[in-house]
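Asks: Mind looking over this structure? Questions follow.
Residue numbers (the numbering used here), protein chains in the order written: chain A, 253 to 358; chain B, 9 to 166.
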């Protein structure tokens, strides 16, 4: 499991726009670089990120090699109901990671 | 004195050296573009907008104009939009001019995003132009282009 960091408020008022910052430890190897022995390092990327909240994908991203290592993605969503936000990263070599963070909406 | 006869010789060598250095510099700058078989920036945007006209405005691509380290460059894209069910941003894409691939990222939003603002960190292979394109719910496309100077490039070894 890669180390993932998700920063967002634990509580929010209904209708409030909450900011979410996500960071995951991943090399995002482009497939264009050469290693110490001169051979091209195989591509190893996170290709997709999604955030599901209240039964709906509220945000998703398609990532390409030009995204820096340890991809940071910051976005926002409207607080609707108390519950879980599910964050999923999918990538090459079967990389898949899911994190859940709770939010209390008043 | 003997040194007087030597001096012109030394200056021509220095001139020749400068020329070689200039040539080397140029070849390094050109290489990332020449090495890639990627489409041009304009055609990548055309494909994203599916041939629809892309107007300038409404989008703000926020990036430092002078980047010291191309390996992780903070980028923020925001779009003027009320983000309601009737009028919101559907997609935001970032493109580059001279990396091996034109695409950087495509973000899919909706009215539940609340605010049309996304941030990430990108790699830049060399000084180049970056373009952010937004697709609104009414089907129009808007863009903002920024020229960036990179002093330490990402993936120089490739």
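Positions of the beta carbon are idealized from the N, C-alpha and C atoms, including for glycine.
1) I need the boundaries of the alpha helix (DSSP H) containing residue 49 of chain B, first residue and last residue.
2) Could you pull the start and end residues of the beta strand (DSSP E) that residue 302 of chain A belongs to?
3) Are the beta-carbon atoms of residue 284 of chain A and residue 317 of chain A separated by less than 8 Å?
4) Would you call residue 111 of chain B buried or exposed, if buried means 16 or more other Cβ atoms sit within 10 Å of its Cβ?
5) To the nearest angstrom, how far is it from the Cα of residue 258 of chain A to the Cα of residue 276 of chain A?
6) Count the CB pairs spanning the region 338 to 352 of chain A and the region 290 to 310 of chain A that are closer than 8 Å, and state whether there are at least three.
7) Under 8 Å between C-beta atoms, does residue 316 of chain A make it to chain B?
8) Can you confirm whether residue 354 of chain A, when its beta carbon is compared against all beta carbons of chain B, has any partner nearer than 8 Å?
9) My guess is that residue 81 of chain B and residue 67 of chain B are in contact by the Cβ rule of under 8 Å, so how many angstroms apart are they, rounded?
10) Pick helix, strand or coil for residue 146 of chain B, following the three-state DSSP scheme.
11) Output the residue ranges of the alpha helix (DSSP H) runs that lie fully inside the region 97 to 162 of chain B and measure 4 residues or longer, sorted by chain position.
12) Is the region 136 to 156 of chain B close to the region 344 to 353 of chain A, with three or more CB pairs under 8 Å?
13) Please give me, in chain order, every unbroken run of the beta strand (DSSP E) with length at least 3 that falls completely inside the region 313 to 341 of chain A.
14) Looking at residue 71 of chain B: is its Cβ nearer than 8 Å to the Cβ of residue 156 of chain B?
15) Near residue 265 of chain A, which residues of its chain fall below 8 Å by C-beta distance, leaving aside the five closest residues on each side in sequence?
16) Name the two residues that bound the continuous beta strand (DSSP E) containing residue 63 of chain B.
17) Would you mind stating whether residue 151 of chain B and residue 62 of chain B have Cβ atoms separated by less than 8 Å?
18) Which class does residue 349 of chain A belong to by DSSP, given the choice of helix, strand or coil?
19) Please identify the residue among A:319, A:354, A:311 whose C-alpha is closest to the C-alpha of residue 125 of chain B.
20) Over the uninterrupted beta strand (DSSP E) stretch that includes residue 86 of chain B, give me the two end residues.
21) Taking 8 Å as the CB-CB limit, is residue 358 of chain A close to chain B?
22) Per DSSP, which one or two residues make a beta bridge with residue 70 of chain B?
23) Taking C-beta pairs closer than 9 Å, name the residues in chain B that residue 308 of chain A reaches, listed in chain order.
24) Around the C-beta of residue 291 of chain A, are 16 or more other C-beta atoms found within 10 angstroms, so that it is buried, or is it exposed?
25) Please name the residue, chosen from A:351, A:315, A:334, that lies closest to residue 280 of chain A on a Cα-to-Cα basis.
Replies: So, from the data block:
1) 49 to 56
2) 298 to 305
3) yes
4) buried
5) 9 Å
6) yes
7) yes
8) no
9) Rounded, the Cβ-Cβ distance is 18 Å, inconsistent with contact.
10) coil
11) none
12) no
13) 324 to 330
14) yes
15) 331, 357, 358
16) 62 to 64
17) yes
18) strand
19) A:311
20) 81 to 87
21) no
22) B:84
23) 118, 120
24) exposed
25) A:315
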